[in-house]
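Quick note on numbering: our numbering labels position 72 of the sequence shown as 83, and the sequence is numbered without any gaps. Glycine included, each C-beta is placed from N, C-alpha and C at the ideal position. Have a look at the structure below, then the notes.
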Amino acid sequence: MNYQKLDAALATALNDVPDPETPSLTVFIHTEPILDADATAILENLNVAGVTPGKDTFTATLSANAIAQLSAQPWVQHLKLSQKLHLVNTRLNFRKLGV
12 MNYQKLDAAL ATALNDVPDP ETPSLTVFIH TEPILDADAT AILENLNVAG VTPGKDTFTA
72 TLSANAIAQL SAQPWVQHLK LSQKLHLVNT RLNFRKLGV
C-alpha cells in the first residue's frame with residue numbers, strides 16, 4: 012500500500028475495514044490523463060465505471076485490497092475517500108430569505 016497516494020480520511024477508513032476483500036469504500040481515483048491498455052484493464056477489472064480515453068477522475072466502491080493494488084500503480088496520482096454530503100441547515104426558513 013502506498014499511503015502517500017491516500018488522503019487522510021481514506022487511510023483512517025482502511026483501518027476500520029472488517030473484510031479487505033469486500034468492496035466497502037467509495038473513492039475518487041485520480042489518474043494521469045492518458046491511460047494505456049493495461050491501466051484501462053486494471054480499472055475495468057475492479058469494476059470502475061466510465062473508463063474512457065482522456066478521463067482522469069473516476070469514482071468506484073472498492074475493497075481495501077483493490078485500493079492497495081491501485082495505490083501501487085505509477086499512473087494513479089492519488090485516491091480520496093468520498094464523503095457523504097450533509098445539509099448545512101435543514102430547518103432553513105425560506106420566508107426569511109424572501110423566496
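Three-state class that DSSP yields for residue 94 in the structure shown: Numbered from its first residue, the sequence shown carries residue 94 at position 83. Assigned with DSSP and collapsed to three states, residue 94 falls in coil, not helix or strand.
8 Å contact criterion, which residue 36 and residue 92 should meet: CB distance rounded: Position 25 of the sequence shown holds residue 36. Position 81 of the sequence shown holds residue 92. With a Cβ gap of about 6 Å, residue 36 and residue 92 count as contacting.
Close-in-space but distant-in-sequence residues of the same chain around residue 69 (CB under 6 Å, 5 per side omitted): Residue numbering aside, residue 69 sits at position 58 when the sequence shown is read from its first letter. Within the same chain, and ignoring the five residues on either side of residue 69 in sequence, the residues whose Cβ sits closer than 6 Å to its Cβ are 40 and 59.
Beta-carbon proximity check, residue 31 vs residue 76, cutoff 8 Å: Here residue 31 refers to the residue found at position 20 of the sequence shown. Here residue 76 refers to the residue found at position 65 of the sequence shown. Yes, these two residues count as a Cβ contact at 8 Å.
Counted within 10 angstroms of its Cβ, other Cβ atoms place residue 45 as buried (16 or more) or exposed: As a working mapping, residue 45 is identified with position 34 in the sequence shown. Note on residue 45: under 16 other CB atoms within 10 angstroms of its CB, so exposed under the neighbour-count rule.
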